[in-house]
Amino acid sequence: MDETWTIRELADHAAAKLAASASEQVNGRVRDLPNERLIRWYTTIGLLDPPLGRRGRVALYGRRHLLQLLAVKRRQAQGRTIAEIQLELAGATDATLERVAGAAADAEPDAPPAERERFWAARPDISFGVPATLDTSPALVRGVRLVPGLTVLLEVEDLDAEDLDALRAAAGPLLQELRRRGLLPEPSTSDHPAGSTQ
Numbered sequence: 012m013d014e015t016w017t018i019r020e021l022a023d024h025a026a027a028k029l030a031a032s033a034s035e036q037v038n039g040r041v042r043d044l045p046n047e048r049l050i051r052w053y054t055t056i057g058l059l060d061p062p063l064g065r066r067g068r069v070a071l072y073g074r075r076h077l078l079q080l081l082a083v084k085r086r087q088a089q090g091r092t093i094a095e096i097q098l099e100l101a102g103a104t105d106a107t108l109e110r111v112a113g114a115a116a117d118a119e120p121d122a123p124p125a126e127r128e129r130f131w132a133a134r135p136d137i138s139f140g141v142p143a144t145l146d147t148s149p150a151l152v153r154g155v156r157l158v159p160g161l162t163v164l165l166e167v168e169d170l171d172a173e174d175l176d177a178l179r180a181a182a183g184p185l186l187q188e189l190r191r192r193g194l195l196p197e198p199s200t201s202d203h204p205a206g207s208t209q
């Protein structure tokens, strides 16, 4: 079995690695050396995997936890926010963590077995035929209520009156099909803006 550590030992190992590369720690707002409380918080918010197991009441951590901890601290030292780090490192492989942590040269001779794909941590492709991009920045989403019961969500910065009119006009065939299938009620006079026809 691979080497395991208690939470205190994990914090000590991470502190030793980070101290060896102290020149990279440039962000004064970030606590340079992790402690037990910080490790527990990182586990709670998903930056670190849950412990491998327990020996009695003592949680046990392994090499992957060390890589996760080092990668988080390196990204913080570069000025990244916790949210940015979560987006980047969620579901990261050991190889990615080694690259980010800069610990590839410290790899142990007995590498852990290849891990299974963490499908639940991957960003789903719900693009309906449009290739998913690797842009992980959060998008601003605007909702446009076409009629009661139907709102369209768009990832756009802003919409003007002309955009809204064009969207409503283009939605006519969609509204007709949804009504034909019984997915939307028949329109009433209150469903349309004053003076509009559909």
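With the sequence shown counted from 1, adding 11 to any position gets you the working numbering. Note that the Cβ used here is the ideal one computed from N, Cα and C, for glycine as well. These numbers were taken from a predicted model, which means no experiment stands behind them.
Original post:
ASP105 CB to nearest chain B CB: under 8 angstroms?
Top reply: Annotation note: the requested chain B is absent from the structure, which comprises a single protein chain.
Original post:
Would you report the Cα separation of GLN89 and ARG110, rounded to the nearest angstrom?
Top reply: Position 78 of the sequence shown holds residue 89. Position 99 of the sequence shown holds residue 110. Whole-angstrom Cα-Cα distance: 15 angstroms.
**OP:** Return the chain-ordered ranges of every beta strand (DSSP E) run that is complete within the segment 51 to 118 and spans a minimum of 3 residues.
**Re:** If you keep only unbroken beta strand (DSSP E) runs of at least 3 residues inside the segment 51 to 118, you get 64 to 66 and 69 to 71.
Subject >> Span of the beta strand (DSSP E) around ARG156 >> reply: If you number the sequence shown from 1, residue 156 lands on position 145. For ARG156, the enclosing beta strand (DSSP E) covers residues 153 to 158.
Original post:
If you draw a straight line from the alpha carbon of VAL141 to that of TRP16, how long is it in whole angstroms?
Top reply: Taking the first residue of the sequence shown as position 1, residue 141 is located at position 130. Taking the first residue of the sequence shown as position 1, residue 16 is located at position 5. Because VAL141 carries a pLDDT of 46, less than 50, the predicted location of this residue cannot be relied on, and no value is offered for it.
Subject >> Residues bridged to VAL163 [DSSP beta-bridge criterion] >> reply: Position 152 of the sequence shown, counting from 1, holds the residue named residue 163. For VAL163, DSSP records a beta bridge to VAL155.
**OP:** Would you tell me roughly how many angstroms separate the C-alpha atoms of LEU170 and ILE93, rounded to the nearest one?
**Re:** Translated into positions along the sequence shown, residue 170 becomes position 159. Translated into positions along the sequence shown, residue 93 becomes position 82. Cα-Cα distance, rounded: 31 angstroms.
Subject >> Whether LEU100 touches HIS24 by CB criterion (8 angstroms) >> reply: For the purposes of this step, residue 100 is taken as the residue at position 89 of the sequence shown. For the purposes of this step, residue 24 is taken as the residue at position 13 of the sequence shown. Taking 8 angstroms as the Cβ cut-off, LEU100 and HIS24 do not qualify as a contacting pair.
**OP:** Figure out for me which residue from GLN79, ALA182, VAL69 and ALA112 has the closest Cα to the Cα of SER32.
**Re:** Position 21 of the sequence shown, counting from 1, holds the residue named residue 32. Nearest of GLN79, ALA182, VAL69 and ALA112 to SER32, Cα basis: ALA112.
Subject >> Member of LEU80, ALA27 and GLY73 whose CA lies at the smallest distance from the CA of ARG48 >> reply: Here residue 48 is taken as the residue at index 37 of the sequence shown, counted from 1. Ranking the options by Cα distance to ARG48, first place goes to LEU80.
Original post:
Which same chain residues, not among the five before or five after VAL69, have their C-beta less than 7 angstroms away from its C-beta?
Top reply: One-based indexing of the sequence shown puts residue 69 at position 58. So the list reads THR17, once near-sequence residues are dropped.
Original post:
The alpha helix (DSSP H) spanning GLY193 covers which residue range?
Top reply: Along the sequence shown, read from residue 1 onward, the residue named residue 193 stands at position 182. Where GLY193 is concerned, there is no enclosing alpha helix (DSSP H), given that its DSSP letter is neither H nor E.
Original post:
What is the C-beta distance between LEU185 and VAL155, in whole angstroms, given that I count them as a contact (C-beta under 8 angstroms)?
Top reply: On the sequence shown, position 174 is the one that residue 185 refers to. On the sequence shown, position 144 is the one that residue 155 refers to. About 13 angstroms; that fails the 8 angstroms criterion.
Original post:
ASP23 lies in the alpha helix (DSSP H); which residues open and close that run?
Top reply: Position 12 of the sequence shown, counted from the first residue, corresponds to residue 23. 18 to 31 is the span of the alpha helix (DSSP H), which, as asked, contains ASP23.
Subject >> Through-space distance from LEU71 to THR107, alpha-carbon basis >> reply: As a first step, residue 107 must be located in the sequence shown, where it is residue number 96. As a first step, residue 71 must be located in the sequence shown, where it is residue number 60. Taking the CA atoms as reference points, THR107 sits about 22 angstroms from LEU71.
Original post:
Given GLU20, which residues of its chain have a CB within under 7 angstroms of its CB, disregarding the five upstream and five downstream residues?
Top reply: As a working note, residue 20 is residue 9 in the sequence shown. Counting only residues of its own chain and dropping the five nearest sequence neighbours on each side, GLU20 has no CB closer than 7 angstroms to any other CB.
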